[in-house]
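First the structure, in the form of structure tokens, and then the observations on it.
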Ligand code: E4P
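What follows is the structure in structure tokens.
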């Protein structure tokens, strides 16, 4: 399973990347807003840190404008993936950009039917949003399972990029189902290291070690 970091926070990306935890990065207009940085400048900085795909999202709504924005974004660095929304225009842009040889991430996917269309349009990645489905009492993880089954049935090469991840369980559940990639905020990736029994065990080992009066170095 590949790990993408869902952020435009350069310091957070650098920290995880130094640990070998980053196979790619996803950004979106809200994350760019949160960073307070210029999109072209911050995206270039991220591409210089991370070797894998870095998704930069178009903001136009019409296909021809998305294509123009995508063609501009790919000039930032060779590892740019153009992110387009799952609309009919977004699918047209996906087809055009993928036909030009660019990687395309089709985002804002909320149904298996949408995921089929993205695969047919040549998407490199499909981004089903788990958390936002859970928010409206739909089962986000069930969507990941449906897409996995369908893509496997027909050997679609589009990679399932499980997105809108809010918890550690989202990551492990997506891994069990066989999502190709997860993209998660840095805090959720770091929270994967936490376990109450690890903390408790360490507390006891530390206390017992102190009683031995020994030193290792
Ligand atoms: C994916 O590429 C999106 O940037 C992201 O996962 C959205 O997550 P959110 O629903 O927490 O905003």
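Numbering (my numbering), first residue to last: 1065 to 1281. Each residue gets a CB set at the ideal place from its N, CA and C atoms; glycine is no exception.
heavy atom of the ligand E4P below 8 Å from residue i C-beta
| i | result |
| --- | --- |
| residue 1091 | yes |
| residue 1098 | no |
| residue 1216 | no |
| residue 1180 | no |
| residue 1143 | no |
| residue 1229 | yes |
| residue 1307 | One cannot answer for residue 1307 here, as it falls past the ends of the chain, which runs 1065 to 1281. |
| residue 1087 | no |
Neighbourhood of residue i by C-beta distance below 6 Å, restricted to the same chain and skipping five residues each side
| i | result |
| --- | --- |
| residue 1157 | 1127, 1130, 1131 and 1148 |
| residue 1242 | 1212 |
| residue 1090 | 1068, 1070, 1119 and 1247 |
| residue 1065 | 1239 |
| residue 1096 | 1072 and 1103 |
Proximity test, residue i beta-carbon vs the ligand ATP heavy atom, cut-off 8 Å
| i | result |
| --- | --- |
| residue 1184 | Only the ligand E4P can be found as ligands here, which leaves the ligand ATP out of the picture. |
Cα-Cα separation, residue i to residue j
| i | j | result |
| --- | --- | --- |
| residue 1077 | residue 1067 | 12 Å |
| residue 1171 | residue 1264 | 41 Å |
| residue 1174 | residue 1199 | 12 Å |
| residue 1163 | residue 1232 | 36 Å |
| residue 1100 | residue 1190 | 27 Å |
| residue 1181 | residue 1257 | 37 Å |
| residue 1086 | residue 1192 | 20 Å |
| residue 1225 | residue 1267 | 38 Å |
| residue 1144 | residue 1104 | 11 Å |
| residue 1217 | residue 1269 | 50 Å |
| residue 1098 | residue 1165 | 31 Å |
Supposed contact pair residue j and residue i - C-beta distance, whole angstroms, cut 8 Å
| i | j | result |
| --- | --- | --- |
| residue 1188 | residue 1223 | 7 Å |
| residue 1072 | residue 1110 | 7 Å |
| residue 1176 | residue 1229 | Going by Cβ atoms, the distance from residue 1176 to residue 1229 rounds to 19 Å, so no, they are not a contact pair. |
| residue 1234 | residue 1194 | 6 Å |
Other residues of its chain near residue i: CB distance less than 7 Å, five sequence neighbours each side excluded
| i | result |
| --- | --- |
| residue 1289 | With the chain running from 1065 to 1281 in the structure shown, residue 1289 is simply not present. |
| residue 1124 | 1130 and 1133 |
| residue 1154 | 1130, 1148 and 1170 |
Neighbour flag for residue i against chain B, beta carbons, 9 Å
| i | result |
| --- | --- |
| residue 1171 | Here there is only one protein chain, and chain B is not present. |
Sub-9 Å separation of residue i and residue j beta-carbons
| i | j | result |
| --- | --- | --- |
| residue 1167 | residue 1117 | yes |
| residue 1221 | residue 1185 | no |
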